[in-house]
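Notes follow once the structure below has been shown.
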Amino acid sequence: MDILISVLLLMGGVLVLVGSIGLVKMPDFFMRLHGPTKATTLGMACLLFAAMAHYSQYGDGLSLKEILISLFLLITAPISGYMLIKSAIHHRIDSTDKTTGKDKIEED
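In structure tokens, the structure reads:
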């Protein structure tokens, strides 16, 4: 069980780091949003699953707080990313030439 917890912690830390680097290094808003919505969400999920596994084995058992945090994170992060993209499209935020799919945007 300790190996599983360690692997989840390492994966979570690496994914959060990759998402944070992507947030800083990407050239425009649309590409920048992929870091926090994809990699960081998966990284936080790995960290929360590691915490659940640790406390279910060594602590007081599985806590309702950890389950609620996981559900809240996994539900709200994609929805907030979607709403940010819709707002950026509505306000016609400029993007770089590398951003694909611009021709498929429907006007509101």
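Count along the sequence shown from 1, add 95, and you get the number used in the numbering used here.
Cβ coordinates follow ideal geometry from the N, Cα and C atoms, glycine included.
Look up residue i in the DSSP assignment and say whether it is helix, strand or coil.
{"i": "Ser-190", "result": "coil"}
{"i": "Ser-175", "result": "helix"}
Report the CB separation of residue i from residue j in whole angstroms; it is logged as a contact under 8 Å.
{"i": "Leu-128", "j": "Leu-169", "result": "Their Cβ separation, rounded to whole angstroms, is 17 Å, which puts Leu-128 and Leu-169 out of contact at 8 Å."}
{"i": "Cys-141", "j": "Leu-103", "result": "5 Å"}
{"i": "Gln-152", "j": "Met-96", "result": "5 Å"}
{"i": "Gly-130", "j": "Leu-118", "result": "4 Å"}
{"i": "Phe-125", "j": "Ser-190", "result": "5 Å"}
Applying the criterion that 16 or more other CB atoms from any shown protein chain within 10 Å of the CB defines a buried residue, is residue i buried or exposed?
{"i": "Met-139", "result": "buried"}
{"i": "Phe-167", "result": "exposed"}
{"i": "Gly-156", "result": "exposed"}
Look at the alpha carbon of residue i and the alpha carbon of residue j, and state the distance between them as a whole number of angstroms.
{"i": "Ser-158", "j": "Gly-176", "result": "28 Å"}
{"i": "Ser-101", "j": "Tyr-150", "result": "13 Å"}
{"i": "Ala-146", "j": "Thr-171", "result": "20 Å"}
{"i": "Arg-187", "j": "Gly-154", "result": "50 Å"}
Would you call the stretch 129–136 in contact with the stretch 102–114, where contact means no fewer than 3 C-beta pairs closer than 8 Å?
yes
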